[in-house]
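Asker:
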Amino acid sequence: MSAWTDMGGYGAFVWPAYGVTLLALSVAIAITLRAYRRAKDRLAKLEKT
Amino acid sequence: MAGMFALANPKRFMDASARFLPWLALAAGAALAAGLLLGFLAPPDYQQGTTVKIMFLHVPAAWTAMMAYGLLALASFFSLIWRHPLADVAAKTAAPLGALFTALGLITGSLWGRPMWGTYWVWDARLTSFLILLFLYLGYIALWSAIEDETRAARAAAILALVGAVNLPIIEFSVNWHTLHQGESILRADGPQIASVFLWPLGLTALGYTLLFLALWTVRIRTEILERRTRTLMLAEPQ
Numbered sequence: 000m001s002a003w004t005d006m007g008g009y010g011a012f013v014w015p016a017y018g019v020t021l022l023a024l025s026v027a028i029a030i031t032l033r034a035y036r037r038a039k040d041r042l043a044k045l046e047k048t
Numbered sequence: 000m001a002g003m004f005a006l007a008n009p010k011r012f013m014d015a016s017a018r019f020l021p022w023l024a025l026a027a028g029a030a031l032a033a034g035l036l037l038g039f040l041a042p043p044d045y046q047q048g049t050t051v052k053i054m055f056l057h058v059p060a061a062w063t064a065m066m067a068y069g070l071l072a073l074a075s076f077f078s079l080i081w082r083h084p085l086a087d088v089a090a091k092t093a094a095p096l097g098a099l100f101t102a103l104g105l106i107t108g109s110l111w112g113r114p115m116w117g118t119y120w121v122w123d124a125r126l127t128s129f130l131i132l133l134f135l136y137l138g139y140i141a142l143w144s145a146i147e148d149e150t151r152a153a154r155a156a157a158i159l160a161l162v163g164a165v166n167l168p169i170i171e172f173s174v175n176w177h178t179l180h181q182g183e184s185i186l187r188a189d190g191p192q193i194a195s196v197f198l199w200p201l202g203l204t205a206l207g208y209t210l211l212f213l214a215l216w217t218v219r220i221r222t223e224i225l226e227r228r229t230r231t232l233m234l235a236e237p238q
């Protein structure tokens, strides 16, 4: 397990690269989907009235 | 070309994208999952050790960032020539995603550079031109929000996008100039200069990033179309 986290001595570079990437992409997906749902709801409300 | 013009109608785009979006998202997720798994199982490189795993994030992010700018510039060109509103929407919504992938390319690149080159950053042609790509995206986004009138904002932003497009070939060819960055190793006339245990995960993550960008871009275009429809309705019947 420590060999896995240590990454042959490069863990301090490999893991942050993966962490930052996965976090940023997840946040981008979440923001994009939330904005879409909001736009859809707003228009639906407006079209009902 | 005819297909593109058929899609350039907002209503048709909404119908068509509603059909292809789930498949696009599924393919993006599958390619990313497979690529990252193979990347983690790949052996350490004989020179780079495990830092080769950063390649599977860095190269696709940089490639997607450049592709996104190419698409943004293309959409800007259509917007200037044909004044098509969907082209404005396409260009505008590509910018934040392009900036994100550019930032990821820079961050993963510097995390790779520190152990391999001994430095997080150097002001050489490749790295500097790539940093300029980030500033172009940010400038483009700022210009959109600085000009209130949508038509004028679209025109000004499109001109900036086209002027900035000269940076793309500079990034592309700068690896041959004085730089620490490694030369072109994949799309070469004599075939890829990279072992297949690394080429497969790289190809899959590159495909995954490309599809993910296209999926997110599609959702953002749909969002912008809905928002514009909302604004038009509100103007038509003030509450």
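Protein chains in written order, with numbering that gives the first Met the number 0: chain F, 0 to 48; chain C, 0 to 238.
Yeah, the Cβ is synthetic: ideal placement off N, Cα and C, and Gly gets one too.
Fair warning: this is a prediction, and the values are worked out from it, not measured in the lab.
(1) Alpha carbon to alpha carbon, how far is residue 141(C) from residue 158(C)?
(2) Can you tell me whether DSSP reads residue 44(C) as helix, strand or coil?
(3) With distances taken from CA atoms, which of 198(C), 102(C), 224(C) and 122(C) is nearest residue 42(C)?
(4) Which chain F residues are close to residue 248(C), counting only those with a beta carbon under 7 Å from its beta carbon?
(5) Compute the Euclidean distance between the alpha carbons of residue 56(C) and residue 144(C), then round it to the nearest angstrom.
(6) In three-state DSSP terms, what is residue 182(C)?
(7) Are the CB atoms of residue 27(F) and residue 215(C) nearer to each other than 8 Å?
(8) Please confirm if residue 147(C) has its CB atom under 8 Å from at least one CB of chain F.
(9) I want to verify the contact list: residues of chain F whose CB lies under 8 Å from the CB of residue 143(C), in sequence order.
(10) Over the uninterrupted alpha helix (DSSP H) stretch that includes residue 196(C), give me the two end residues.
(11) If you measure from the beta carbon of residue 42(C) to each beta carbon in chain F, is any gap under 8 Å?
(12) Only counting the same chain, and skipping five residues up and downstream in sequence, which positions put a Cβ closer than 6 Å to that of residue 25(F)?
(13) For residue 119(C), does the three-state DSSP call read helix, strand or coil?
(14) Can you tell me which of the three DSSP states residue 191(C) falls into?
(15) What separation, rounded to the nearest whole angstrom, lies between the Cα atoms of residue 115(C) and residue 48(C)?
(16) In angstroms, rounded to a whole number, what distance separates the CA positions of residue 219(C) and residue 92(C)?
(17) Using 10 angstroms around the beta-carbon of residue 17(C), count the other beta-carbons present and answer buried if the total reaches 16, otherwise exposed.
(18) So the alpha helix (DSSP H) residue 164(C) belongs to, where does it begin and stop?
(19) In whole angstroms, give me the CA-to-CA distance for residue 181(C) and residue 13(C).
(20) Please confirm if residue 88(C) has its CB atom under 8 Å from at least one CB of chain F.
(21) Mind reading off the beta-carbon distance from residue 160(C) to residue 90(C)? Whole number of angstroms is fine, and I expect it under 8 Å.
(22) Secondary structure at residue 0(C), three-state DSSP: helix, strand or coil?
(23) Apply the 10 Å Cβ neighbour rule to residue 62(C) and answer buried if 16 or more other Cβ atoms are within range, or exposed otherwise.
Answerer: Looking at the atomic coordinates:
(1) A direct Cα-Cα distance of roughly 14 Å separates residue 141(C) from residue 158(C).
(2) Strand, per DSSP.
(3) Minimum Cα distance to residue 42(C) is reached at 198(C).
(4) Residue 248(C) lies beyond the range of chain C shown here (0 to 238); nothing can be said about it.
(5) Annotation: residue 56(C) to residue 144(C) spans about 31 Å, alpha carbon to alpha carbon.
(6) Coil, per DSSP.
(7) Yes, Cβ-Cβ distance for residue 27(F) and residue 215(C) is below 8 Å.
(8) No, residue 147(C) lies away from the interface with chain F (no Cβ there is under 8 Å from its Cβ).
(9) Result: empty, since nearest Cβ-Cβ is about 16 Å, beyond 8 Å.
(10) Its alpha helix (DSSP H) spans residues 195-235.
(11) With 8 Å as the cut-off, residue 42(C) does not count as an interface residue toward chain F.
(12) For residue 25(F), there are no CB contacts under 6 Å within the same chain when 5 residues up- and downstream are skipped.
(13) DSSP places residue 119(C) outside both helix and strand once states are collapsed to three, so it counts as coil.
(14) Residue state, collapsed to three classes: coil.
(15) For residue 115(C) and residue 48(C), the distance between alpha carbons rounds to 10 Å.
(16) It is roughly 6 Å from the alpha-carbon of residue 219(C) to the alpha-carbon of residue 92(C).
(17) Exposed.
(18) No alpha helix (DSSP H) contains residue 164(C), which DSSP labels as neither H nor E.
(19) Between residue 181(C) and residue 13(C), the C-alpha separation is close to 42 Å.
(20) Residue 88(C) does not count as touching chain F.
(21) Contact flag correct, Cβ pair sits at about 6 Å.
(22) No answer about residue 0(C) holds up, because its pLDDT of 49 lies below 50 and its placement is not dependable.
(23) Taking all protein chains in view, the Cβ of residue 62(C) is crowded by 16 or more other Cβ atoms within 10 Å, so the residue is classified as buried.
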